[in-house]
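Contents: one structure, followed by commentary.
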Amino acid sequence: MGTYEMTWDLDSIFHGGSDSNELKEYVRKTERLMDDLEASIRTFTPPKNTDQTEKLNQIVEITQVVSKRLSEFGAFVSCLSAQNVQDRKANMWQSKRSELGARLGNALTEMDQVLVQIDDDVWKSLLNQAPFQAISFVLNERRSLAKDKLEVGKESLINDLGVDGYHAWGQMYDALVAKLSIEMNGEKLSVGQASNQLDDPDRSVRKEAFDKLQETWGEASDLFTETLNHLSGFRLQTYKHRRWENVLKEPLDYNRMSQRTLDAMWETITKYKKHYVPYMKKKAEKLGIERLSFYDVEAPLGEANQKMSFQEGAAFIIQQFRKFSPKMADFAEMAFEKRWIEAEDRPGKQPGGFCTSFPDSGETRIFMTYSGSPSSVATLAHELGHAYHQHVMDELPELNQGYAMNVAETASTFAEMIVADAAVKEAASEAEKLVLLEDKVQRSVAFFMNIHARFLFETRFYEERKQGVVSTERLNELMTEAQQEAYVQTLDEYDPTFWASKLHFHITDVPFYNFPYTFGYLFSMGIYAKAIEVGPAFEEQYIALLQDTGRMTVEDLAKKHLDVDLEKQDFWVHALDLCLSDLESFMDLV
Numbered sequence: 001m002g003t004y005e006m007t008w009d010l011d012s013i014f015h016g017g018s019d020s021n022e023l024k025e026y027v028r029k030t031e032r033l034m035d036d037l038e039a040s041i042r043t044f045t046p047p048k049n050t051d052q053t054e055k056l057n058q059i060v061e062i063t064q065v066v067s068k069r070l071s072e073f074g075a076f077v078s079c080l081s082a083q084n085v086q087d088r089k090a091n092m093w094q095s096k097r098s099e100l101g102a103r104l105g106n107a108l109t110e111m112d113q114v115l116v117q118i119d120d121d122v123w124k125s126l127l128n129q130a131p132f133q134a135i136s137f138v139l140n141e142r143r144s145l146a147k148d149k150l151e152v153g154k155e156s157l158i159n160d161l162g163v164d165g166y167h168a169w170g171q172m173y174d175a176l177v178a179k180l181s182i183e184m185n186g187e188k189l190s191v192g193q194a195s196n197q198l199d200d201p202d203r204s205v206r207k208e209a210f211d212k213l214q215e216t217w218g219e220a221s222d223l224f225t226e227t228l229n230h231l232s233g234f235r236l237q238t239y240k241h242r243r244w245e246n247v248l249k250e251p252l253d254y255n256r257m258s259q260r261t262l263d264a265m266w267e268t269i270t271k272y273k274k275h276y277v278p279y280m281k282k283k284a285e286k287l288g289i290e291r292l293s294f295y296d297v298e299a300p301l302g303e304a305n306q307k308m309s310f311q312e313g314a315a316f317i318i319q320q321f322r323k324f325s326p327k328m329a330d331f332a333e334m335a336f337e338k339r340w341i342e343a344e345d346r347p348g349k350q351p352g353g354f355c356t357s358f359p360d361s362g363e364t365r366i367f368m369t370y371s372g373s374p375s376s377v378a379t380l381a382h383e384l385g386h387a388y389h390q391h392v393m394d395e396l397p398e399l400n401q402g403y404a405m406n407v408a409e410t411a412s413t414f415a416e417m418i419v420a421d422a423a424v425k426e427a428a429s430e431a432e433k434l435v436l437l438e439d440k441v442q443r444s445v446a447f448f449m450n451i452h453a454r455f456l457f458e459t460r461f462y463e464e465r466k467q468g469v470v471s472t473e474r475l476n477e478l479m480t481e482a483q484q485e486a487y488v489q490t491l492d493e494y495d496p497t498f499w500a501s502k503l504h505f506h507i508t509d510v511p512f513y514n515f516p517y518t519f520g521y522l523f524s525m526g527i528y529a530k531a532i533e534v535g536p537a538f539e540e541q542y543i544a545l546l547q548d549t550g551r552m553t554v555e556d557l558a559k560k561h562l563d564v565d566l567e568k569q570d571f572w573v574h575a576l577d578l579c580l581s582d583l584e585s586f587m588d589l590v
């Protein structure tokens, strides 16, 4: 095993970054294919019987090619923007990607409207034919969702206006965040670098970072009030014209998840939160304070003497993956060797982390800022879980690779859990075990409280936004109220500007970029329990589950592979009991 570099290689995708001639030619060819797709759809008429399906098959094939190329292009642009927030040409490419995305959206909207016109009996017979059988779930889903939308001209207009309206507000948010900086100890930091100080063992450092972040976000909050209000306003106007009253309709449809499943999950979590209150009190006691503040929740207990270099972290992850899945370990090793990971701590990078896929190249890229802490190692494992999920999907038809965020978070959390559990078991001392165990409990708190606060805030914000623009002051109030409820009034100080600092509220791909995280965390608990129970034979079962994530609802996925009913609280109770075992171990040890 050689020395792994901490910077990624993007030249293997398109040489030359945002000035790449390869990229320019790739986009030009994609535009020509888009022209072909639009022309084919314009002349597409509903087949009257199953002998008239050649045109539809041609459209499906070219759609998959164009979708794959747009994903490739979009992923590359996202990587350029993330590695250097000052890359203005990357922002221009982002606008081009939005424009092409709107064109594809319009073309598919037009196609969907034709699918709606196909006779139900012909449609059922058609889906049983060889060209369409493998992608029948996705085609049927598109047809069903189209029935809930406006006629094709209006939907196309929404897509077109969204480029410089809806999506532009999300891009404006990114541009504004890129200009923010914070001075600490005589050094100018990006907001991402300053946010990393919130996990510092020294409370005075955390407090200083928190106060300066509050000041910075507060000073810019009027601008973010504009971006959030206009982005959400566009979304709500679209819902109004479609006659969608429930703001959760789009995210639930997107996540292929029922309202009953979502309700069962949050109701069970709310009942279980009482078990975490003594933990919050005990953590405050261990930190030598009366009550935790928002910036203490993720603080490490004790000295962070278990730091791993990037090389050590990589070796540890590969070793632990191999115990559960040799194929996943081999994949992770390849990702390190081929430089698919950007982990260097330097100025100018975006905050946060992500994994993005290049379906045309059959590659992925991971973005993060690696610090060597147990949490950082877990994050790296998390993103590698995302990457492996895409890897096992590569052999499937492009339309079947469109898995939603909630099941995407399942694979990543499963990978993270493998590494976090191993770290606890291999702790060199009780003091180290306590720190690592608390890190696991802390993640449960994040999913059950922090994510719940985001969900509560967004739900209430959208209801108020229906009545008009929501002021900065009211946004701060809504955020604080949501955090107080989600954290069961256990904190001394909250984060009122969290709505401004959290990118997820400003993402335009899909609203409610929150509850899928919690779903994925708890769903992965069930998968992890199954993996331990089954042993080595589980590897192939796990791959089969991942490959089904793009072609069935989460309820059907859970029933088929875990034999559980997600709409009932029993599954969620069992998953939460698994989380409580970590909590009880921590409380016993402390």
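Take the sequence shown: its letter number 412 is residue 412 in full-length UniProt numbering, and every next letter is one higher.
Every residue, glycine too, gets a C-beta built ideally from N, C-alpha and C.
Determine the extent of the alpha helix (DSSP H) in which residue i is found, giving its start and end residues.
i	result
LEU339	The amino acid at residue 339 is misidentified as Leu; the sequence shows Arg. Per DSSP, ARG339 belongs to no alpha helix (DSSP H) and is neither H nor E.
ILE532	515-534
SER412	405-425
LEU357	The amino acid occupying residue 357 in the given sequence is Ser; Leu does not appear at that position. Not the alpha helix (DSSP H): SER357 falls in the beta strand (DSSP E), residues 354-358.
ALA453	451-465
HIS382	374-393
ARG88	88-117
GLY153	152-164
ALA500	498-501
GLN320	310-324
LYS207	203-242
MET587	569-589
LEU437	430-445
LYS24	21-42
Using beta-carbon positions only, say whether residue i and residue j come within less than 9 Å of one another.
i	j	result
LEU578	MET525	yes
SER71	SER371	no
LEU80	LYS89	yes
ALA500	LEU228	yes
GLY165	GLY402	no
ALA486	ASN450	yes
GLU267	GLN569	yes
ALA387	ASN255	no
LEU145	LEU127	no
ARG206	GLN197	yes
residue 652	ARG103	The structure shown does not extend to residue 652, since the chain is modelled only from 1 through 590, so no value can be given for it.
GLY410	PHE523	In the sequence under discussion, the amino acid at residue 410 is Thr, which differs from the Gly named in the question. Result yes, Cβ atoms of THR410 and PHE523 sit closer than 9 Å.
LEU248	LEU236	no
LEU33	PHE73	no
PHE498	PHE457	yes
PHE367	GLY353	yes
LEU380	ALA329	no
THR518	ILE158	no
PHE515	ASN406	yes
TYR276	SER444	yes
ILE59	ASN400	no
TYR272	LEU580	yes
VAL590	GLN442	no
Bridge partners for residue i per DSSP, in chain order?
i	result
MET280	Per DSSP, none; premise fails for MET280.
MET184	GLU187
ARG256	Answer by DSSP bridge pairing: none, since ARG256 is not bridged.
Considering residue i, what are the terminal residues of the beta strand (DSSP E) in which it resides?
i	result
ILE366	363-367
SER471	First-last for SER471: undefined, no H or E at that position.
Our contact map puts residue i next to residue j with C-beta atoms below 8 Å; I'd like the distance itself, whole angstroms only.
i	j	result
ARG454	LYS502	7 Å
THR109	LEU292	Their Cβ separation, rounded to whole angstroms, is 48 Å, which puts THR109 and LEU292 out of contact at 8 Å.
SER373	LYS440	The pair is not a contact, with the Cβ atoms about 14 Å apart (cut-off 8 Å).
ALA415	HIS382	6 Å
HIS389	LEU546	5 Å
LEU188	SER181	According to the sequence provided, residue 188 is Lys. The question's Leu does not apply to it. Going by Cβ atoms, the distance from LYS188 to SER181 rounds to 5 Å, so yes, they are a contact pair.
ALA299	ASP199	7 Å
GLN193	GLU151	Contact doesn't hold; Cβ gap of about 49 Å is too wide.
residue 648	ILE62	In this structure the chain extends from 1 to 590, so residue 648 is not present and cannot be described.
VAL377	ILE418	Going by Cβ atoms, the distance from VAL377 to ILE418 rounds to 12 Å, so no, they are not a contact pair.
Using a Cβ-Cβ distance under 9 Å, would residue i count as near chain B?
i	result
ALA194	Of the protein chains in this structure there is only one, and it is not chain B.
The stretch 333-349 / the stretch 150-164 touching (three or more Cβ pairs under 8 Å) = The stretch 333-349, when compared against the stretch 150-164, does not touch it at the 8 Å Cβ threshold.
Would you say the stretch 107-123 touches the stretch 30-50, given that touching needs at least three Cβ pairs under 8 Å?
-> yes
Specify whether the stretch 93-111 and the stretch 423-431 touch according to this definition: at least 3 beta carbon pairs, one from each stretch, less than 8 Å apart.
-> no
Does the stretch 319-334 come close enough to the stretch 532-543 that 3 or more CB-CB pairs lie under 8 Å?
-> yes
Evaluate contact between the stretch 169-176 and the stretch 214-234, counting only Cβ atoms and requiring at least three cross-stretch pairs below 8 Å.
-> yes
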